[in-house]
Amino acid sequence: MKLTIVGCTGSFPGPGSPASCYLLTAHDGERQWKIVMDLGSGALGAIQRYTDLEDIDAIFLTHLHPDHCMDLCGLHVAVRWKPGGWGRDRIPVWGPAATADRMATAYGLELDPGMHEEFDFSNWSERQSVQLGPFTVTPYAVNHPVEEAYALRVEVTEPDKDGKAVSRVLTYSGDTDSCTGLEDAARNADLFLCEAAFEEGRDDDIKDVHLTGKRAGQAATAAGARRLLLTHIPVWTSQTKVMAEARPEFAGDVAVAVAGVHYTV
């Protein structure tokens, strides 16, 4: 499984990165599959550096803050108005129950049909898995101030070079503060892509919104994750500081996500 960091800046796009968007690629032995986790502000342009839009097999949204979902509006335009027509069926979109209506409202559409002609919307059921090609995606409710917010556990089984089936797990935190749902989602993950938007000492009075590097490290240790990749770091938060906070809390490899970088899981 390959992870491409399309966008990783927290809360709104930064000068070097769009907001949250992550492309996962895996092979089922017959063909390559591509799924997208979140499609935040500014991500739609950047993702075209790494894939044709028509090659996206599905989109999985963690929650409905604009920095995680709003470029679905632009993708709607691409699907609906491409000269000659869209070359595939509707794009499957999994997300909170309000996703379809929220996107229609954001674009100024009537709720019926809204964007249903371009996207095949499905609602998350907490801890109920969705299978697509080699991907099994399971949402875990987490601690963030919206009606529905999820971390995503992505399990992939694909053949190695000898044809033997190999399984890997990537967990993406979405946006959250510390909670058991996050730790359950990241249990024994090969790669834990975890937000660290806050800094210790600066944001101590803000509860139940975001993690610090320290709390991200603690969650990774509690979950038994193997690698920790810090993400969703806003322009006003120091990457150096959140990395320094995480390292004493987590004995495994720690790094900061960088837009345009590819990781093998």
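Residue numbers (the working numbering): 70 to 334.
Where a beta carbon is used, it is the ideal one built from N, C-alpha and C, also for glycine.
The structure displayed is predicted, hence computed values, not measured ones.
Host beta strand (DSSP E) of residue i (start-end)
| i | result |
| --- | --- |
| residue 102 | 101 to 108 |
| residue 288 | Counting along the chain, residue 288 falls outside any beta strand (DSSP E), though it belongs to the alpha helix (DSSP H) covering 282 to 292. |
| residue 264 | 260 to 264 |
| residue 76 | 71 to 76 |
| residue 324 | 322 to 325 |
Inter-residue spacing [alpha-carbon to alpha-carbon] between residue i and residue j
| i | j | result |
| --- | --- | --- |
| residue 332 | residue 241 | 14 Å |
| residue 282 | residue 263 | 9 Å |
| residue 230 | residue 110 | 37 Å |
| residue 308 | residue 293 | 23 Å |
| residue 277 | residue 212 | 6 Å |
| residue 199 | residue 97 | 16 Å |
| residue 156 | residue 268 | 45 Å |
Cβ-based neighbour list, residue i, same chain, cut-off 8 Å, excluding 5 preceding and 5 following
| i | result |
| --- | --- |
| residue 101 | 94, 95 |
| residue 320 | 290 |
Residue i, DSSP secondary structure in three states
| i | result |
| --- | --- |
| residue 305 | coil |
| residue 118 | coil |
| residue 295 | coil |
Span of the alpha helix (DSSP H) around residue i
| i | result |
| --- | --- |
| residue 150 | 141 to 150 |
| residue 213 | Residue 213 -> no alpha helix (DSSP H), and no H or E assigned at all. |
| residue 90 | Run containing residue 90: none in the alpha helix (DSSP H); it sits in the beta strand (DSSP E), 90 to 96. |
Near the ligand SAH: residue i beta-carbon under 7 Å from a heavy atom
| i | result |
| --- | --- |
| residue 165 | For the ligand SAH, the structure offers nothing, since it holds no ligand at all. |
Close Cβ partners of residue i (< 7 Å) along its chain, the five nearest in sequence each way excluded
| i | result |
| --- | --- |
| residue 142 | 172, 175, 176 |
| residue 273 | none |
Contacts around residue i, its chain only, beta-carbon distance under 6 Å, and the 5 residues preceding and following it disregarded
| i | result |
| --- | --- |
| residue 248 | 211, 212 |
Touch test, the region 164 to 176 against the region 184 to 200, Cβ-Cβ under 8 Å, three pairs minimum: In this structure the region 164 to 176 lies against the region 184 to 200, because at least three pairs of beta carbons, one per stretch, are closer than 8 Å.
Three or more C-beta pairs below 8 Å linking the region 231 to 239 and the region 125 to 135: No, the region 231 to 239 is not in contact with the region 125 to 135.
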